[in-house]
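Everything in the sequence shown is counted per the working numbering, starting at 1 for the first residue and increasing by one.
From the three backbone atoms N, C-alpha and C, an ideal C-beta is built for every residue, glycine too.
Data first, discussion second: the structure below is written as structure tokens.
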Amino acid sequence: MFKKRFLLLSILFCTLYFNSGAQHHTDKPSTHGMLLMGSEKIYASHLPMFHSPHDYQVLVTLIFDENSRKKYIDDRKAHPEELIYTIEPEVFVLPEMINHTRKFQASVYRGHFERGGMVIAKDVTVTIEQVIYFGQFKTGATKPCNLQYFLFGNDKEQFLVHVINAKPDFDEVIKVQQKTFNPKIFENSPFRILEFKEADKRSGLSWKTNRSQILQDHTNIEFETHQQLYIEFGDLN
Numbered sequence: 001m002f003k004k005r006f007l008l009l010s011i012l013f014c015t016l017y018f019n020s021g022a023q024h025h026t027d028k029p030s031t032h033g034m035l036l037m038g039s040e041k042i043y044a045s046h047l048p049m050f051h052s053p054h055d056y057q058v059l060v061t062l063i064f065d066e067n068s069r070k071k072y073i074d075d076r077k078a079h080p081e082e083l084i085y086t087i088e089p090e091v092f093v094l095p096e097m098i099n100h101t102r103k104f105q106a107s108v109y110r111g112h113f114e115r116g117g118m119v120i121a122k123d124v125t126v127t128i129e130q131v132i133y134f135g136q137f138k139t140g141a142t143k144p145c146n147l148q149y150f151l152f153g154n155d156k157e158q159f160l161v162h163v164i165n166a167k168p169d170f171d172e173v174i175k176v177q178q179k180t181f182n183p184k185i186f187e188n189s190p191f192r193i194l195e196f197k198e199a200d201k202r203s204g205l206s207w208k209t210n211r212s213q214i215l216q217d218h219t220n221i222e223f224e225t226h227q228q229l230y231i232e233f234g235d236l237n
């Protein structure tokens, strides 16, 4: 009887183990490029597409090894006209990296790593410090009527990233400064979703108004400055 029970438990354990493993590895390993933002703290936004294994919108904070961080910060200071910095990571399964591993090697580029960017640091040890947002695109999703953006950051640097829903869509990253920064808005979440009273016409934010509302509680947010860092349409057709 004991042997039978042991055998059944072993089979059950193996079944659960392999099913779990299969769920974790349904995506194929791939290169998941990311746009870099910030210098006080390094933020990154996954460069998404609507097909697997790139069908995720991801916002994280990263830690570089000290030498690579210095190269990155110094290069940004030396090239203030360059708005786009990206990383080309080693190949990995994105959900596994976000949920479990959280450490990888990468190259840092001034410019877009797939569009003529220049390598400024190789073999960078990157650690995911915080997952701000992680979500997979859903088949059949519909777009909201008005433009919506993730707001995240700190008292020195804040950013807006367009909420991507259904194709065709677009990816947009904007550096902003609130008129009055209120750290309390991030007390319960590392991001808030803002809605601007502007129809989503797949053309980016026009900034006809510098005011928006937090979607969850309708708190008004007013911006003093804004600078578009990145906009992409082709990858999200």
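Residue i - partner residues in DSSP beta bridges
{"i": "R211", "result": "E222"}
{"i": "V131", "result": "V60"}
{"i": "L160", "result": "L151 and I174"}
{"i": "S30", "result": "F92"}
{"i": "E114", "result": "Answer is none; E114 lacks a bridge partner."}
Beta-carbon gap between residue i and residue j smaller than 7 Å
{"i": "H162", "j": "P89", "result": "no"}
{"i": "Y133", "j": "L59", "result": "yes"}
{"i": "R76", "j": "S45", "result": "no"}
{"i": "V176", "j": "H226", "result": "yes"}
{"i": "P168", "j": "F92", "result": "no"}
{"i": "F181", "j": "D155", "result": "yes"}
{"i": "Y109", "j": "G116", "result": "no"}
{"i": "D200", "j": "L147", "result": "yes"}
{"i": "K41", "j": "A121", "result": "no"}
{"i": "F64", "j": "V124", "result": "yes"}
{"i": "Y85", "j": "L36", "result": "yes"}
{"i": "A166", "j": "K143", "result": "yes"}
Cβ of residue i within 7 Å of any chain D Cβ
{"i": "I73", "result": "Among the chains of the structure shown, chain D does not appear; only one protein chain is present."}
Supposed close pair residue i, residue j - CB separation, criterion 8 Å
{"i": "R192", "j": "I174", "result": "Going by Cβ atoms, the distance from R192 to I174 rounds to 15 Å, so no, they are not a contact pair."}
{"i": "T83", "j": "P53", "result": "A small correction: the amino acid at residue 83 is Leu; Thr does not occupy that position in the sequence shown. That belief does not hold up - the Cβ atoms of L83 and P53 are roughly 27 Å apart, past 8 Å."}
{"i": "V119", "j": "L62", "result": "Not a contact, Cβ separation roughly 17 Å."}
{"i": "F170", "j": "E232", "result": "6 Å"}
{"i": "E198", "j": "N210", "result": "Wrong, their Cβ atoms sit about 11 Å apart, outside the cutoff."}
{"i": "E157", "j": "Q228", "result": "E157 to Q228, Cβ: 15 Å. No contact."}
{"i": "E224", "j": "K179", "result": "5 Å"}
Where the beta strand (DSSP E) through residue i begins and ends
{"i": "S189", "result": "First-last for S189: undefined, no H or E at that position."}
{"i": "K175", "result": "D171 to Q178"}
{"i": "A78", "result": "A78 -> not in any beta strand (DSSP E); alpha helix (DSSP H) instead, spanning E66 to A78."}
{"i": "K103", "result": "K103 to R110"}
{"i": "M34", "result": "M34 to M37"}
{"i": "I87", "result": "Y85 to P89"}
{"i": "H46", "result": "I42 to H46"}
Practice task
Report yes or no: do the region 99 to 106 and the region 38 to 51 share at least 3 C-beta pairs separated by less than 8 Å?
Solution key: No: fewer than three Cβ pairs fall under 8 Å.
Problem - Given 8 Å, three or more beta-carbon pairs between the region 189 to 203 and the region 135 to 142 - result: Between the region 189 to 203 and the region 135 to 142, the count of Cβ pairs shorter than 8 Å is below three; the stretches do not touch.
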